[in-house]
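Okay, structure first, notes after.
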């Protein structure tokens, strides 16, 4: 798959072990080092899903420095959804009947020195090209909040409960032992919307702006020191103005 250059950035698929280790090193920097996550025996963030995914790299063209990366696992339809990373934490039985190709996007990270709107826009443009090329109908993943203090994110979770829960027919059920059932626990909580939006991870804000939806509970991941929600976006429901803007990019 070919990606065009975007100004001073280059997008490409990882090829071979060196590229994969480059992505794993950036992931370690962002997700492990100084975050409170459980330490790894080396300076790489790696798991068994890496070998079955496509890894997309966004590099600064002049220096070849990796500024952003993420991985994508594609399955043919909902019958295979239990093979995904997310299925370790969520009961996705409700999605078994989903017709159409599904891509799971994971391990999305941006280098701390390059956290700009430009990089995020380029990443979404790259994802759009991948979705179009693969005829993807559902984009899924786990959107993570840093730290495991659910009270700190009370307004954000209340806003998710009010406006962004999954349709009942697709709603994931609890599977992990350690969860925060925000839809039930915060049913009387009225969110401070401005604070809620500030607390949302940028990737999750992107999903939601395009019509994405989330699970009714968050998984408490003590290994990575995060709270995460299952997130999905039905690609045919992305508003036209956003869809056209991404394709123009």
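In my numbering, the protein residues as written are 1 to 249. All residues carry an ideal CB built from backbone N, CA and C; glycine is no exception.
Residue i to residue j span [Cα, whole Å]
i, j, result
"residue 71", "residue 127", "10 Å"
"residue 172", "residue 232", "10 Å"
"residue 218", "residue 227", "6 Å"
"residue 205", "residue 178", "24 Å"
"residue 230", "residue 209", "16 Å"
"residue 20", "residue 120", "21 Å"
"residue 137", "residue 40", "35 Å"
"residue 84", "residue 75", "9 Å"
"residue 45", "residue 125", "25 Å"
"residue 187", "residue 181", "10 Å"
"residue 160", "residue 36", "25 Å"
"residue 191", "residue 199", "12 Å"
"residue 57", "residue 248", "20 Å"
"residue 254", "residue 28", "The shown model of the chain, from 1 to 249, leaves out residue 254, and the question about it has no answer."
Opening and closing residue of the beta strand (DSSP E) in which residue i lies
i, result
"residue 13", "9-13"
"residue 102", "101-110"
"residue 220", "218-221"
"residue 233", "226-234"
Residue i: first and last residue of the uninterrupted alpha helix (DSSP H) it sits in
i, result
"residue 184", "182-185"
"residue 18", "16-27"
"residue 206", "202-209"
"residue 197", "193-199"
"residue 190", "From DSSP, residue 190 is part of no alpha helix (DSSP H); its letter is neither H nor E."
"residue 244", "240-248"
Under 8 Å between C-beta atoms of residue i and residue j
i, j, result
"residue 79", "residue 96", "yes"
"residue 176", "residue 89", "yes"
"residue 144", "residue 202", "no"
"residue 104", "residue 141", "yes"
"residue 66", "residue 22", "yes"
"residue 52", "residue 26", "no"
"residue 139", "residue 214", "no"
"residue 169", "residue 111", "no"
"residue 3", "residue 11", "yes"
Closest Cα partner of residue i within the set the options
i, options, result
"residue 193", "213, 234, 163", "163"
"residue 5", "123, 37, 86", "123"
"residue 234", "212, 243, 242, 240", "212"
"residue 77", "115, 180, 93, 100", "100"
"residue 225", "146, 198, 11", "146"
"residue 102", "117, 116, 108, 86", "86"
"residue 30", "109, 244, 215", "109"
"residue 131", "246, 8, 10", "246"
"residue 195", "216, 115, 63, 153", "153"
"residue 1", "25, 42, 129", "129"
"residue 42", "57, 24, 58, 174", "24"
"residue 150", "112, 63, 183, 238", "183"
Notebook entry, point to check: Taking only runs of the beta strand (DSSP E) that begin and end inside the segment 41-92, which ones reach a length of at least 3 residues, in chain order?
Noted result: 54-60, 66-75
Note to self: Quick check on the DSSP output: what are the complete beta strand (DSSP E) runs of length 3 or more inside the segment 122-154, in order along the chain?
What the structure shows: 136-146
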